[in-house]
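Engineer:
Number of protein chains: 2
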Amino acid sequence: MFTNSVKYALKAVLFLAVHSGEERKIMVKDIAEPINVPKAYIAKLLQELSKQEIISSTRGVKGGFYLTESNLKQPVLNVIYAIDGTYRMNSCLLSLESCNEYKPCPLHHIVSPMRSKLIESLKEKTLEDLSIEIQSGLSYLPL
Amino acid sequence: MFTNSVKYALKAVLFLAVHSGEERKIMVKDIAEPINVPKAYIAKLLQELSKQEIISSTRGVKGGFYLTESNLKQPVLNVIYAIDGTYRMNSCLLSLESCNEYKPCPLHHIVSPMRSKLIESLKEKTLEDLSIEIQSGLSYLPL
DNA sequence: TCTTAAATATGATAATTATCATATTCTTAT
DNA sequence: ATAAGAATATGATAATTATCATATTTAAGA
Ligand code: FES
Ligand code: FES
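Sequence lines, in order, name chains A and B.
For what it's worth, numbering that gives the first Met the number 0 labels the leading residue of the first sequence as 0, then goes sequentially.
For what it's worth, numbering that gives the first Met the number 0 labels the leading residue of the second sequence as 0, then goes sequentially.
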């Protein structure tokens, strides 16, 4: 469904959502280990997310990655789009072009409503929402 | 969501569902062109599907690929599993291990119900069902 | 201002997936 | 039997994705 990169990015961002803050910046190596993702790999992804202002960072001594209040308000979908682009989630299952209501492929009626719902949910849920669920013990992060 | 291989395989199988029969075998080249997939690529996929008895084939003069009545009764999901394996559809979105109700990842509550529904639908719908929909003009094949 | 510790930019390598090519085997009809 | 037309088996190449590595830039503190 998603690429490995998106999965890793989501894990990292959610980890930051739970553990970081403007006063609690976290370095790559302290993110990589608990979420169980290769350090160099997650570093690259974090840099990209930072460049796209999905997450925040400062360099140098005492630097690291973190989420601002504003970052926390973002929908989960932002992370996905930032890494994979929008195409993957929205393209038709059978043709490789965009999904078309007027000339639906044979799987459209099965797949499209669910995809719409999924995207809607990922747009509604913010990083903060998920962070709260994790902290309430309704879901688990490291796995 | 699915790999390119699965998409191609589905297109080919549905093409066969609509156009072939025990008395109407179709050769690779006559499948590849209308579904707009490279011949050598789809050939390999068709061979694999044939080996797994998702579709039928005979070689030699007058040979080709086709679907028997029994083939037509199969759920769409069979095609997907035959090419991609079962893992891809069933694994957790965030960890790379299997999805777990008792220790759900932060996206589980959003994603899991929809995935279950999707799998259910793909299990219920047979190739014949989709073929009929195409023939009724409810959906379109080549795209 | 200089040293140090961090992210950033850039790119190299490995693994997987997608694509292409061809010699072999089987089936039908001559 | 044998010639021809098809799938089959096998493997090679290309493109994309995943992974790793490192030199450069920036910020903080001595
Ligand atoms: S047209 Fe194929 S999924 Fe919508
Ligand atoms: S535990 Fe992650 S999707 Fe179910």
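Virtual Cβ for every residue (Gly too), placed ideally from N, Cα, C.
Using only Cβ atoms and a threshold of 6 Å, which residues come within that distance of a heavy atom of ligand 1? Order them by chain position.
Structural biologist: 91/A, 92/A, 93/A, 98/A, 99/A, 103/A, 104/A, 106/A, 107/A, 110/A, 111/A
Engineer: Rounded to a whole number of angstroms, what is the C-alpha to C-alpha distance between residue 113/A and residue 118/B?
Structural biologist: Answer to the nearest angstrom: the Cα atoms are 11 Å apart.
Engineer: Given that a residue counts as buried once 16 or more other Cβ atoms are within 10 Å of its Cβ, and exposed if not, what is residue 84/A?
Structural biologist: exposed
Engineer: If we call anything under 9 Å between Cβ atoms a contact, is residue 140/A one with residue 98/B?
Structural biologist: no
Engineer: Quick check: the region 14 to 24 of chain B against the region 121 to 133 of chain A, are there 3 or more CB pairs under 8 Å?
Structural biologist: no
Engineer: In the DSSP assignment, what residue or residues form a beta bridge with residue 74/A?
Structural biologist: 125/A
Engineer: Can you give the Cα-Cα distance for residue 54/B and residue 24/B, rounded to whole angstroms?
Structural biologist: 11 Å
Engineer: Would residue 78/B pass as a contact of residue 8/B if the rule is Cβ separation under 9 Å?
Structural biologist: yes
Engineer: Which value, in whole angstroms, describes the spacing of the CA atoms of residue 59/A and residue 37/B?
Structural biologist: Distance between residue 59/A and residue 37/B, taken at the CA atoms: about 52 Å.
Engineer: If the criterion is Cβ atoms closer than 9 Å, does the pair residue 92/A and residue 1/B meet it?
Structural biologist: Yes, the pair counts as a contact, with Cβ atoms nearer than the cut-off.
Engineer: Taking the DSSP output, what are the residues bridged to residue 1/A?
Structural biologist: According to DSSP, which records beta bridges pairwise, residue 1/A is partnered with nothing at all.
Engineer: For the region 103 to 121 of chain B, which residues have a beta carbon sitting closer than 9 Å to at least one beta carbon of chain A?
Structural biologist: With the criterion set as a beta carbon lying under 9 Å from some beta carbon of chain A, the members of the region 103 to 121 of chain B are 103, 104, 105, 106, 107, 108, 109, 110, 113, 114, 116, 117, 120, 121, in sequence order.
Engineer: Residues of chain B with a CB under 7 Å from the CB of residue 132/A: which are they?
Structural biologist: 105
Engineer: Could you check the C-alpha separation between residue 47/B and residue 67/B for me, to the nearest Å?
Structural biologist: 17 Å
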